[in-house]
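Everything on this sheet refers to the single structure shown next.
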Amino acid sequence: MRAASTTELMAVAAAREIADGEIVFAGTGLPMLGAMLAQRTHAPNMTLLFEAGAIDPRMLHLPMSVGDSRTLVGVAQAAGLFEVFNYILQSGRVEVGFLGGAQIDRYGNINSTAVGDYHHPDVRFPGSGGSADVATLSGRTVIMAPHERRRLPERVDYLTSPGWLEGGESRVRAGILTGGPSALVTTMGVIRYREASHEPYLDSFHPGTTPEAVREETGFPLDISDSTETLAPAPEELEILRRVVDPEGIFIKP
Amino acid sequence: MRAASTTELMAVAAAREIADGEIVFAGTGLPMLGAMLAQRTHAPNMTLLFEAGAIDPRMLHLPMSVGDSRTLVGVAQAAGLFEVFNYILQSGRVEVGFLGGAQIDRYGNINSTAVGDYHHPDVRFPGSGGSADVATLSGRTVIMAPHERRRLPERVDYLTSPGWLEGGESRVRAGILTGGPSALVTTMGVIRYREASHEPYLDSFHPGTTPEAVREETGFPLDISDSTETLAPAPEELEILRRVVDPEGIFIKP
Amino acid sequence: MEDKLKTLGEAASLIASGSSISIGGFTSQRHPTALLRKLIKDGVRDLIIYCHSAGSDVDLLIGAGSVKRVEGAYQADGVFTPISPNWRRFVEAGRIHFEDYSNASMMARFAAGAMGLPFMPVKSMLGSDLMERWGFSSEERKVDPEAAPAKVHKMECPFTGQQLALVPAIKTDFCLLHVQKASPQGLLRIEGQEFLDVQQAMASRCVIATCEEVVKDEELRRNPELNRIPHFAVDAVVHLPFGAHPHSVHNAYDYDPEHLMEFSRASKDDASFDRYLERYVFGPDSHEEYLELIGGEARMRALRARSGLGYNPELARRGGDR
Amino acid sequence: MEDKLKTLGEAASLIASGSSISIGGFTSQRHPTALLRKLIKDGVRDLIIYCHSAGSDVDLLIGAGSVKRVEGAYQADGVFTPISPNWRRFVEAGRIHFEDYSNASMMARFAAGAMGLPFMPVKSMLGSDLMERWGFSSEERKVDPEAAPAKVHKMECPFTGQQLALVPAIKTDFCLLHVQKASPQGLLRIEGQEFLDVQQAMASRCVIATCEEVVKDEELRRNPELNRIPHFAVDAVVHLPFGAHPHSVHNAYDYDPEHLMEFSRASKDDASFDRYLERYVFGPDSHEEYLELIGGEARMRALRARSGLGYNPELARRGGDR
């Protein structure tokens, strides 16, 4: 069997962040791969949600976006943004939310809006979508991003989606009473956050890299002292990912 | 043909308050008779609403309450309180609302709550239901009540549903920017309200009574100088009311 | 997925005295009445009830002495009982606590609870005694952990300057529903009007649904646009055909005018209502026995809805005149 | 009841330059794209757009120079174009005004408009630059009658003390939808996700719906639980099969990956996007001609949804790699 690609490694790492029975909010892209994989492996009783209106699908084909008809196969309810955001997310029922972002800073704050000046940006991104909402209102969040120094700065240019803000108690002080990032899964490893300080540390580095290389590619101080190598995907996980979750090769290039 | 009973007279008077094409909010009882009659006579394009969730029914049988399954025949939408109150009533789409009440005072304020002290009432009524909402948020309201002196006091014991409050501009001053009672249809006549002062006056007295008798049975000052006799129901109106709207004799006793 | 099918007894046993509850349905429609009878039989008391337009569901509990407090908007069974008789009797005698809102403001309070918000703004209540007269004083609220700290707050909109009423969210311990179809996993389908069932369910910590029919989860998922409450919000499902009697269930059966009038007549004083309870609540050993008591197959046939209408057009409805 | 059936041209002619609009659908799904092409062709400009998760619907209007301002949360076509290219290009060059919210806060703004409220409270936006950084200053807002007087207000809940964001209601001149089924009288049925169409429609002064199928009003009324927008809220209905192309319509057809990628490639600069507009917007004289141009019957067959799934599982989706 072909060794796991970085994309596959990340999808498997994402899947492992989901416990069976949890209610999971997923955005477009890698989070969908992870959620579909988890549903087909260790978390058959998880409930998946998409903000566009699909509540608990049993998808047969990978969606291209959270609004895709493919999210409606076997769904419990075909609803809309109003129901998902209000009755499920804001009411505090979501246990884990998956997010991406263009920049992720030291405390897991996400920028999906703009690099440079907000009004005259160097690069403009799509914007929050549901990201700020999921980051604020989920029980915990898992962030997925390519690991590049410029994408992991000390402080995001625009804080679209609140992570631990400035660390410590700053999130609660801002009026956000629950949640916060539990993991940042990147192309190089998995970063987590210390309990009270919410300082980031490297939990694991992917096979083929080193803790030092990860720290080198990170734009904020990163404690690597507790890191171990990321557990490689099991052959069954890769098999399901390639043959069942994404046989069309939408994300996973053969 | 048997002459019109008081109930029939009131139902016909209620029907005549509806113009074709209007959106009408109706409560249980006489308003339903009036609305069903209007829909079958001069207002075939009216839209009827019930707070329990029926939007634009074409009823075949008189409902016993606004939640009755009979309100669902031919309905455009079977929704709920959330949709009807928010998207239709509070958003300002309702043109005329029909209300009843235990006491109606000089300025068309309604008491459906209690006579005597609120905490230890002499008589306790069912409460507002949607009455306060319809009275506040409809384009205009038509109130229907038995004409008895004690039921038409100068001031209600408990102001459940705002009419013109203390008259003049007091309704707008209270923050209610639209609506107000346009007619009070009683067992003796039809009372309306002067434009700026919102003082009540007798617009018409039902056949068989006199303006003076109406004033005598009214607990607040009533200008009777402009009154004429209520136009008697047309034979077709009575026919439809008896044979089509209420053939079971739920409200109309044969 | 977890199977949440329970017996009526198992479901009722979840609810302790002193709990806050809301009950699905509207006046004489789609209440989980069999479940309410079971609660009374089990001796559940001191209930705190949040409702909008209640009927002889809440009035049954009031008459049985099971209710400590009602926050709601309306208590009547339409034409059958224009004022719920036990409600009237208990309020006039000072035997229960109560606080009055309008239907739209109770709707907003449940919606706020369902949406995870501490309040909702409404344009209703302004200029009304609903705003000015409180059921419980600020002092009483301070010592009652279940009560909102205020009945309502008046607010000036920071965008437009217009006046609004802010009403406090409701979050109940239990929401009790009766629906047409439920899956063993708790996915619920409602036919006809939803009333406020969705918002009441989502504003509750525990949802118990009795239903006319248990349907496979996969079957309900074939028409996901028709499902109204997701499985993960529901804790127990009880298969209980005719579980809303004497109230109606759209597409299943009509209200029972004879029984509603008997209820109304029985509510004139404690002694006669005790006889009603003895006969219909404490007497039957099961829901099946209750159904036999009210007339069995013949009565159920007489109430059964006609397909395509959702009610029985032949029903003798003038029970009040007999 | 009034017949509201209109031709595409009649419906488009209702919308004047400078109008505020919202557009139904979500990223690559169920947009009234044929109607948008017609607006561009008719020279409608200076549109003020309120959206949540828009895709190449709004991006088409931006690229055509029809947009003055966007208030929204997201601009992308999922995997096809992770950042809407015209949006990115126009914002970076300072060619349109914009203001950023989150999806839930835009949802709340539309809901407030639909519910007749001047604002809605949300728990989102706290701690975020969505709260702190405004697209338009207080001074700009004062001279712009269309803009809310403030982007957001922070509030302390008078009941609980918790912090909330209040977001201003949206009321648009027009809401443009594409749905599966509509009656000539304007009753609308939506299959699959509603997205935010209901709230957007109810928050608009004029609703124009294009649809796959015109169905008799009586027919839609046979399943009233499935209808989503009442006839009296809708002003015009246009029968326009494949009217959402290149976007998908659940149960009808899939998105068109080839066309979406062509759109994306064409959006790299004004000159190439002008060629796209020339070919697909200004070229065809009618919607029928447009459908011929994109491949006619053969292409439509390739996109057609499989019954029971709602999309086409055989669709070649890796357009990006070709």
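Those protein sequence lines, which keep their order, are chains A, B, C and D.
Numbering follows the working numbering, with no gaps: position 101 of the first sequence is 104.
Numbering follows the working numbering, with no gaps: position 173 of the second sequence is 176.
Numbering follows the working numbering, with no gaps: position 259 of the third sequence is 1314.
Numbering follows the working numbering, with no gaps: position 13 of the fourth sequence is 1068.
No residue lacks a Cβ here, since even glycine has one placed at the ideal position from N, Cα and C.
Endpoints, the beta strand (DSSP E) within which residue i is located
i, result
"lysine 1123/D", "1122 to 1127"
"proline 156/B", "Looking at the DSSP string, proline 156/B is not in any beta strand (DSSP E), and its letter there is neither H nor E."
"aspartate 1097/C", "Where aspartate 1097/C is concerned, there is no enclosing beta strand (DSSP E), given that its DSSP letter is neither H nor E."
"alanine 22/A", "From DSSP, alanine 22/A is part of no beta strand (DSSP E); its letter is neither H nor E."
Contact list for residue i against chain A, beta-carbon separation under 9 Å
i, result
"valine 1253/D", "Gly83, Phe85"
Interface partners of residue i on chain A, CB under 8 Å
i, result
"isoleucine 1138/D", "Arg127, Phe128, Pro129"
"methionine 1056/C", "Asn48"
Option in the options with minimal Cα separation from residue i
i, options, result
"threonine 1088/D", "Leu1346/D, Ala1353/D, Arg1372/D", "Leu1346/D"
"alanine 22/A", "Arg218/A, Tyr110/A, Gln42/A", "Gln42/A"
"serine 1108/C", "Tyr1129/C, Leu1102/C, Asp1097/C, Ile1095/C", "Tyr1129/C"
"proline 1200/D", "Gly1110/D, Ser1074/D, Met1355/D, Leu1370/D", "Ser1074/D"
"aspartate 87/A", "Asn1141/D, Ala1163/D, Ser1139/D", "It should be pointed out that residue 87/A corresponds to valine in this sequence rather than to aspartate. It is Ala1163/D whose Cα lies nearest to the Cα of valine 87/A."
"glutamate 157/B", "Ala82/B, Pro66/B, Leu234/B, Pro224/B", "Pro224/B"
"serine 1183/D", "Arg109/A, Phe128/A, Gly178/A", "Gly178/A"
"asparagine 1141/D", "Ile1103/D, Phe1191/D, Ala1166/D, Asp1112/D", "Asp1112/D"
"valine 248/A", "Arg73/A, Leu52/A, Gly56/A", "Arg73/A"
"arginine 1150/C", "His122/B, Gly252/B, Val99/B", "His122/B"
"valine 1146/D", "Leu51/A, Asp120/A, Pro236/A", "Asp120/A"
"arginine 154/A", "Ala38/A, Glu219/A, Glu202/A, Gly95/A", "Glu219/A"
"arginine 109/B", "Leu36/B, Ser200/B, Ala117/B, Gly133/B", "Ser200/B"
8 Å CB neighbourhood of residue i in its chain, flanking five on each side removed
i, result
"alanine 1071/C", "Val1099"
"aspartate 1376/C", "With a pLDDT of only 40 at aspartate 1376/C, under the threshold of 50, the placement of this residue in the model should not be trusted, and no figure is reported."
"alanine 1220/C", "Ser1160, Pro1176, Val1177, Lys1178, Ser1179, Met1180, Leu1181, Met1186, Val1207, His1208, Lys1209, Met1210"
"phenylalanine 1081/C", "His1107, Ser1108, Gly1110, Gln1248, Phe1250, Leu1251"
"glutamate 215/B", "Ile227"
Where residue i meets chain D, residues with beta-carbon distance less than 7 Å
i, result
"proline 1368/C", "Per Cβ cutoff of 7 Å: no residues; proline 1368/C is ~17 Å from chain D at best."
Beta-carbon contacts of residue i that lie in its chain and below 7 Å, excluding the five residues immediately before and after
i, result
"glycine 77/A", "Pro60, Arg61"
"arginine 245/A", "Ile255"
"alanine 1256/C", "Cys1230, Leu1232, Val1262, Ile1284, Ala1288"
"serine 1026/C", "One cannot answer for residue 1026/C here, as it falls past the ends of chain C, which runs 1056 to 1377."
Neighbouring residues, chain C, relative to residue i (Cβ below 8 Å)
i, result
"glycine 1171/D", "Lys1178"
"glycine 95/A", "Gly1171"
"proline 1223/D", "Phe1214"
"proline 165/B", "Leu1181, Gly1182, Ser1183"
Endpoints, the alpha helix (DSSP H) within which residue i is located
i, result
"threonine 1136/D", "That residue, threonine 1136/D, is in no alpha helix (DSSP H); it is neither H nor E in DSSP."
"proline 1204/D", "Premise fails: proline 1204/D is in no alpha helix (DSSP H) and is neither H nor E."
"alanine 138/B", "134 to 140"
"serine 1193/C", "1193 to 1198"
"valine 1293/D", "First-last for valine 1293/D: 1291 to 1294, but that is the beta strand (DSSP E), not the alpha helix (DSSP H)."
"glutamate 215/A", "214 to 219"
"aspartate 71/A", "Neither: aspartate 71/A is in no alpha helix (DSSP H) and is coded neither H nor E."
"aspartate 287/A", "With chain A covering 4 to 257 only, the question about residue 287/A has no answer from this structure."
"asparagine 1141/D", "1140 to 1147"
"methionine 1161/D", "1158 to 1169"
Contacts around residue i, its chain only, beta-carbon distance under 6 Å, and the 5 residues preceding and following it disregarded
i, result
"tryptophan 24/A", "Per the sequence shown, the amino acid found at residue 24/A is glycine instead of tryptophan. Answer for glycine 24/A: Asn48, listed in chain order."
"glycine 1374/D", "Note that glycine 1374/D scores a pLDDT of 49, beneath 50, so its modelled location is shaky; the value from the coordinates is reported in the next line. Around glycine 1374/D: Pro1312, Glu1313, Met1316."
"leucine 1348/D", "Pro1339"
Contacts of residue i in chain A (Cβ-Cβ under 7 Å)
i, result
"arginine 1144/C", "The premise fails here: arginine 1144/C is roughly 37 Å from chain A at the closest Cβ pair, so nothing lies under 7 Å."
"serine 1303/D", "Ser72"
Near the ligand MG: residue i beta-carbon under 8 Å from a heavy atom
i, result
"tyrosine 90/A", "The ligand MG is not part of this structure, which contains no ligands at all."
Per-residue contacts from residue i into chain D (C-beta, under 8 Å)
i, result
"histidine 1208/C", "Pro1213, Phe1214"
Neighbour list for residue i in chain B, Cβ cutoff strictly below 7 Å
i, result
"proline 1239/D", "Near proline 1239/D there are no residues of chain B at all, since even the closest Cβ is about 13 Å away, more than 7 Å."
Within chain C, the residues that residue i reaches when beta carbons sit closer than 7 Å
i, result
"glutamine 80/A", "Pro1279, Asn1282, Pro1285"
For the 8 Å Cβ check, are there 3 or more pairs between the stretch 1197 to 1216 of chain C and the stretch 47 to 66 of chain B?
no
Do the stretch 97 to 108 of chain B and the stretch 139 to 151 of chain B make contact, defined as three or more Cβ pairs closer than 8 Å?
yes
Assess contact between the stretch 1262 to 1275 of chain C and the stretch 1327 to 1336 of chain C, defined as three or more Cβ pairs (one per stretch) separated by less than 8 Å. Is contact present?
no
Assess, as a yes-or-no matter, whether the stretch 1187 to 1194 of chain D is touched by the stretch 1061 to 1068 of chain D under the definition of 3 or more beta carbon pairs within less than 8 Å.
no
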